[in-house]
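Undergrad:
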Amino acid sequence: MSLKKGQECTLTIEGAAFKGKGVGKIDGMAVFVNGTMPGDTVRGRIIKRKKNYREAKLLEILEPSPDRIDPKCQHAKVCGGCSWQHVPYQKQLEYKTQQVTDHIRRIGKLDTPVHPAIGSDNSFYYRNKMEYSISTRRWLTEEEVRSDEFVDDSAFAAGLHAPGRFDKILNLNECHLQRSESFEILQFVKNYCIEQGIEPFNIMEKEGFLRHVMIRTSYHTDDFMVNLVTFRDEPETIQKLSDALLKAFPVITTIVNNVNDQHNPTAVGRYEKVIFGPGFIVDKIGDFEFKIHPNAFFQTNTHQAERLYDVARNFADLQDGEIVYDLYCGVGTLSLYMSQKASKVLGIELVDVAVENAKFNAKENGVENVSFIRGDMKDVFTQDMVDEFGAPDVLITDPPRAGMHPDVVARLCVLKVPKMVYVSCDSSTMARDLQNLSEVYDVLEVQPVDMFPQTYHVEAVAKLRLKSIKN
Ligand SMILES: C[S@@+](CC[C@H](N)C(=O)[O-])C[C@H]1O[C@@H](n2cnc3c(N)ncnc32)[C@H](O)[C@@H]1O
Numbered sequence: 129m130s131l132k133k134g135q136e137c138t139l140t141i142e143g144a145a146f147k148g149k150g151v152g153k154i155d156g157m158a159v160f161v162n163g164t165m166p167g168d169t170v171r172g173r174i175i176k177r178k179k180n181y182r183e184a185k186l187l188e189i190l191e192p193s194p195d196r197i198d199p200k201c202q203h204a205k206v207c208g209g210c211s212w213q214h215v216p217y218q219k220q221l222e223y224k225t226q227q228v229t230d231h232i233r234r235i236g237k238l239d240t241p242v243h244p245a246i247g248s249d250n251s252f253y254y255r256n257k258m259e260y261s262i263s264t265r266r267w268l269t270e271e272e273v274r275s276d277e278f279v280d281d282s283a284f285a286a287g288l289h290a291p292g293r294f295d296k297i298l299n300l301n302e303c304h305l306q307r308s309e310s311f312e313i314l315q316f317v318k319n320y321c322i323e324q325g326i327e328p329f330n331i332m333e334k335e336g337f338l339r340h341v342m343i344r345t346s347y348h349t350d351d352f353m354v355n356l357v358t359f360r361d362e363p364e365t366i367q368k369l370s371d372a373l374l375k376a377f378p379v380i381t382t383i384v385n386n387v388n389d390q391h392n393p394t395a396v397g398r399y400e401k402v403i404f405g406p407g408f409i410v411d412k413i414g415d416f417e418f419k420i421h422p423n424a425f426f427q428t429n430t431h432q433a434e435r436l437y438d439v440a441r442n443f444a445d446l447q448d449g450e451i452v453y454d455l456y457c458g459v460g461t462l463s464l465y466m467s468q469k470a471s472k473v474l475g476i477e478l479v480d481v482a483v484e485n486a487k488f489n490a491k492e493n494g495v496e497n498v499s500f501i502r503g504d505m506k507d508v509f510t511q512d513m514v515d516e517f518g519a520p521d522v523l524i525t526d527p528p529r530a531g532m533h534p535d536v537v538a539r540l541c542v543l544k545v546p547k548m549v550y551v552s553c554d555s556s557t558m559a560r561d562l563q564n565l566s567e568v569y570d571v572l573e574v575q576p577v578d579m580f581p582q583t584y585h586v587e588a589v590a591k592l593r594l595k596s597i598k599n
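Under the working numbering, the first residue of the sequence shown carries the number 129, and numbering increases by one thereafter.
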């Protein structure tokens, strides 16, 4: 069967694959279908034709998988936020474990044991940060697009970006990713603005006022931040809105106004004004406290981040007085986590503000044995640097999705670090790097950790030891 583009097909889904798509086979050819899960029998239309596989759009579920459940949220099908709501959480964990195992076996060509993914205690309401967008243009539902009637898409839309669309917002009626007050605040702000004639931002025309409502909550304290991102600086309007918010939601401990009068669609303002409270929230990871400002990076699932770091620390098996390197250290959270036993820790990171944040976090926590260097890893992680700082006994690497640059992998092979831990948010690129590192290092075990329930994303931690060093 040639399975041409546009052709309809029927198949049974056998596995959960790349980007959470279900995969089945037709005459031996793999066909990936969005929005499906193993056990579903579906009708689809081929939308992509590649040499070794096809991609199909789901048209109809003919026979649902016995495992399929009703999504908690009415927007599950269209919102890009949580695309696995039809999969029971225990199954999500199984599929994530399988995904990591497949990558380790097929791409890494390794038979390293992969442990079952560590699940999150809360499979909903786990995010500590939500960045809702406001727009004059709402995204139309499939029914509205197909309707013969004229459908007006202009509105005060408050919600999340439609998948792949910077200009259209899915107008949310519910959202279960952050604690309940978060969505109630979004609805309150929207209703208040409509009543008071405060305009939503129009990104095409570059006019209007309110651009984003960002909410940050703390897992370990009662701190609660609302960040109102506006196109213009209108102190009186913001003060009145803030007063109304504080009256309706006593849970709020700080309100900030980011003014983004530029054309970029981010929630980061050109400048920021603190309207109420200290302008930051405080949260903890392990024994360390973090002052989190509106635009600072912080792991979005605090409790699971602690579990992830615990796995990394166990795999590092740090002994008193050892030297630790933390490659791609971000704001230095892992560096601090490792600092308690180490003689010294060196964090290396590309982004300026992250390094500034890392230094600030270390200082605030009174940690004196960590230092940070800014630069592109492939350029700054050199033998000269190692000579200057001292050879690492333990090296943690937590690269971005793309994995490590080949030059960095090559350096690690030459450097021969006794103990290494690889933390990854994309197990396919981690598997590629592990394959190259496995010439010099034994890859002993891999532990997936689920930071993002209801999505197909999974973090994984690998434990490596220099060959000839046991355990
Ligand atoms: C997955 S994050 C690691 C975060 C950190 N370990 C944590 O747990 O918070 C990857 C980090 O790598 C940094 N990065 C990306 N490319 C880099 C490069 N070429 N050199 C150095 N750092 C880089 C990013 O800015 C980001 O902070």
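Just so you know, even glycine gets a beta-carbon here, dropped at the ideal spot from N, CA and C.
Let me confirm a value: Pro-378 is counted as buried when at least 16 other C-beta atoms fall within 10 Å, else exposed. Which label applies?
TA: The residue is exposed, with fewer than 16 neighbouring Cβ atoms inside 10 Å.
Undergrad: Is Val-384 near ligand 1 - that is, is its Cβ less than 7 Å away from at least one heavy atom of it?
TA: False, no ligand heavy atom lies under 7 Å from that Cβ.
Undergrad: Quick one, are the C-beta atoms of Gln-213 and Gln-582 less than 8 Å apart?
TA: Yes, the Cβ-Cβ distance between Gln-213 and Gln-582 is below 8 Å.
Undergrad: Answer yes if the stretch 398-417 comes into contact with the stretch 488-501, meaning at least three C-beta pairs across the two stretches below 8 Å, and no otherwise.
TA: Enough Cβ pairs lie closer than 8 Å, so yes.
Undergrad: Alpha carbon to alpha carbon, how far is Arg-435 from Leu-572? Give it in angstroms, no decimals.
TA: Looking at the two C-alpha atoms, the distance is approximately 19 Å.
Undergrad: Please name the residue in Lys-200, Thr-557, Tyr-181 whose C-alpha comes closest to that of Glu-302.
TA: Comparing Cα positions, the closest option is Lys-200.
Undergrad: Do Ala-184 and Ile-174 have their beta-carbon atoms positioned less than 8 Å apart in this structure?
TA: Yes, these two residues count as a Cβ contact at 8 Å.
Undergrad: Can you list, in chain order, the residues of its chain with a C-beta nearer than 7 Å to that of Asn-423? Leave out the 5 residues immediately preceding and following it.
TA: Taken in chain order, the residues that qualify are Val-396.
Undergrad: Just grab the DSSP bridge partners of Arg-539 for me.
TA: Answer is none; Arg-539 lacks a bridge partner.
Undergrad: Per DSSP, which residues does Ala-588 bridge with? Please list them.
TA: Paired residues: Ser-552, Pro-576.
Undergrad: Below 8 Å on the Cβ atoms is my guess for Ala-470 versus Asn-497; work out the distance and round it to an integer in Å.
TA: About 7 Å; that satisfies the 8 Å criterion.
Undergrad: For Lys-179, is the classification buried or exposed, using 16 other Cβ atoms within 10 angstroms of its Cβ as the cut-off for buried?
TA: So Lys-179 ends up on the exposed side.
Undergrad: Closer than 7 Å: is that where the CB of Ala-444 sits relative to any heavy atom of ligand 1?
TA: No - ligand 1 has no heavy atom lying nearer than 7 Å to the Cβ of Ala-444.
Undergrad: Does DSSP classify Met-258 as helix, strand or coil?
TA: Strand, per DSSP.
Undergrad: First and last residue of the alpha helix (DSSP H) that includes Ile-435?
TA: The sequence shown places Arg at residue 435, not Ile. Where Arg-435 is concerned, the enclosing alpha helix (DSSP H) stretches over 430-444.
Undergrad: So, does the stretch 318-329 touch the stretch 233-249, judging by three or more C-beta pairs under 8 Å?
TA: No: fewer than three Cβ pairs fall under 8 Å.
Undergrad: What are the partner residues of Lys-419, as DSSP defines its beta bridges?
TA: DSSP, once it has assigned bridges, lists Val-410 as partnering Lys-419.
Undergrad: For a quick check, are the C-beta atoms of Val-384 and Glu-400 less than 8 Å apart?
TA: Closer than 8 Å, so yes.
Undergrad: If we require 4 or more residues per run, which alpha helix (DSSP H) segments fall completely within the stretch 195-241?
TA: With a minimum length of 4 residues, the continuous alpha helix (DSSP H) runs that stay inside the stretch 195-241 are 217-234.
Undergrad: Tell me, which residues are paired with Lys-114 by DSSP?
TA: No answer is possible for residue 114: it lies beyond the span of the chain, which begins at 129 and ends at 599.
Undergrad: Could you tell me whether any Cβ in chain B is nearer than 8 Å to the Cβ of Leu-374?
TA: Absence of chain B from the displayed structure is noted, only one protein chain being present.
Undergrad: Go ahead and pull the three-state DSSP assignment for Leu-474.
TA: In this structure, Leu-474 counts as strand in the three-state DSSP scheme.
Undergrad: The beta strand (DSSP E) that contains Ser-653, what's its start and end?
TA: This structure gives no information on residue 653, because the portion of the chain shown stretches from 129 to 599.
Undergrad: Please go through the same chain and pick out, in chain order, the residues whose beta-carbon is closer than 8 Å to the beta-carbon of Pro-194, but skip the five residues on each side of it.
TA: Gly-167.
Undergrad: Are the CB atoms of Cys-137 and Gly-172 nearer to each other than 8 Å?
TA: Yes.
Undergrad: Take Leu-186 and list the residues in its own chain whose beta-carbon comes closer than 7 Å to its own, dropping the five residues that flank it on each side.
TA: These residues qualify, in order along the chain: Val-161, Asn-162, Gly-163, Thr-164, Val-170, Gly-172.
Undergrad: Regarding Gly-458 and ligand 1, is the C-beta to nearest heavy atom distance less than 7 Å?
TA: Gly-458: yes, Cβ under 7 Å from ligand 1.
Undergrad: According to DSSP, which residues form a beta bridge with Phe-352?
TA: Answer is Thr-345, bridged to Phe-352.
Undergrad: Specify, as a first and last residue, the run of the beta strand (DSSP E) that Thr-365 falls within.
TA: Run containing Thr-365: none in the beta strand (DSSP E); it sits in the alpha helix (DSSP H), 363-376.
Undergrad: Measuring only the C-alpha atoms, how far is Thr-394 from Asn-330?
TA: Cα-Cα distance, rounded: 14 Å.
Undergrad: With 16 other CB atoms within 10 Å as the buried threshold, where does Leu-190 fall?
TA: It counts as exposed.
Undergrad: In this structure, does DSSP put Leu-190 in helix, strand or coil?
TA: Strand, per DSSP.
Undergrad: Quick check on the burial criterion: 16 or more other C-beta atoms within 10 angstroms. Buried or exposed for Arg-529?
TA: Exposed is the call here.
Undergrad: State the DSSP-derived secondary structure class of Asn-564, mapped to helix, strand or coil.
TA: Of the three classes helix, strand and coil, the one that applies to Asn-564 here is helix, per DSSP.
Undergrad: Going by the beta-carbon positions, is the gap between Leu-592 and Asp-526 smaller than 8 Å?
TA: Contact: no.
Undergrad: Grab the span of the alpha helix (DSSP H) containing Asn-485 for me, first residue to last.
TA: Per DSSP, Asn-485 belongs to the alpha helix (DSSP H) from 480-492.
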